[in-house]
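Take a look at the structure below.
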Amino acid sequence: MKRHGIKATVLSRKSDHQLICFRFYNSGDSSSFIMLQLILVSSFSLLAATSLAQPVVEPVPLIQPVVQVPSPYTYGFEFGDGLGMSQYRHESADGTGTVKGSYGYVDPFGVSRNVEYNAGADGFKAFIRSNEPGLANQAAADAVYVVRPPPPAVVAQGLRPIPVIVRPLK
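Given below as structure tokens:
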């Protein structure tokens with residue numbers, strides 16, 4: 001008579017795990033018993049591997065935000081290309097968070113834009129002086145536009161016909 005089976009013995013018990021020993025016995029030659037052993041060993045190996053596998057989470061140190069206190073400053077620049085174009089910018093801060101400045105340009109035809117601005121507790125406010133074609137006096141949001149007529153050379157450029165290149169069809 002062939003006898004085969006499995007005997008489980010608990011070797012140790014702790015609060016977070018148990019160590020269990022499985023003993024397989026077979027008194028005869030049975031291929032089904034070998035297959036059973038293989039399936040059980042594979043299943044318990046997989047169970048042990050998944051229970052022991054914990055996600056690796058490395059602690060991340062918390063970085064304290066750097067608090068930057070406003071400090072007074074002043075800077076500015078001006079430059080031109082020697083062909084009639086010039087640009088500039090000037091800005092200063094008083095150390096309380098209020099910033100005042102201006103920037104602008106003049107192109108070779110005399111078209112200009114000058115923006116004076118204040119930024120502080122009341123937000124950003126701009127005062128814009130320009131003679132760019134197509135602009136009109138207006139107060140949009142926190143920007144006030146004061147528009148002058150464009151230079152005559154720019155107006156004349158806008159009135160001349162646009163050349164059209166006509167090519168024969170092939």
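Anchor point for the sequence shown: position 169 equals 169 in UniProt numbering, and the numbering is continuous, going up by one each time. Idealized CB from N, CA, C, for every residue including glycine.
Residue environment, residue i, which counts as buried when at least 16 other CB atoms sit within 10 Å
| i | result |
| --- | --- |
| ILE128 | buried |
| PRO150 | buried |
| LEU46 | exposed |
| VAL66 | exposed |
Pick from the options that is closest to residue i, judged by C-alpha positions
| i | options | result |
| --- | --- | --- |
| TYR73 | VAL67, GLY101, PHE109 and ASN131 | GLY101 |
| GLU91 | VAL146, GLU78 and VAL57 | GLU78 |
| PHE109 | LEU83, VAL67, GLY134 and VAL99 | LEU83 |
| TYR103 | ALA93, ALA141 and ARG89 | ARG89 |
| PRO152 | ASP122, GLY120 and PRO133 | PRO133 |
| SER71 | GLY80, VAL155, GLY97 and ALA140 | GLY97 |
| GLY95 | MET85, GLN68 and GLY80 | GLN68 |
Residue i vs residue j beta-carbon contact at 8 Å
| i | j | result |
| --- | --- | --- |
| ASN131 | VAL111 | yes |
| VAL147 | ALA136 | yes |
| LYS125 | ASN118 | yes |
| ASP142 | GLY123 | yes |
Identity of the residues DSSP links to residue i by a beta bridge
| i | result |
| --- | --- |
| GLY123 | GLY120 |
Tell me the start and end of each unbroken beta strand (DSSP E) in the stretch 75-116 that is at least 3 residues and wholly inside, in chain order. 86-93 and 99-106
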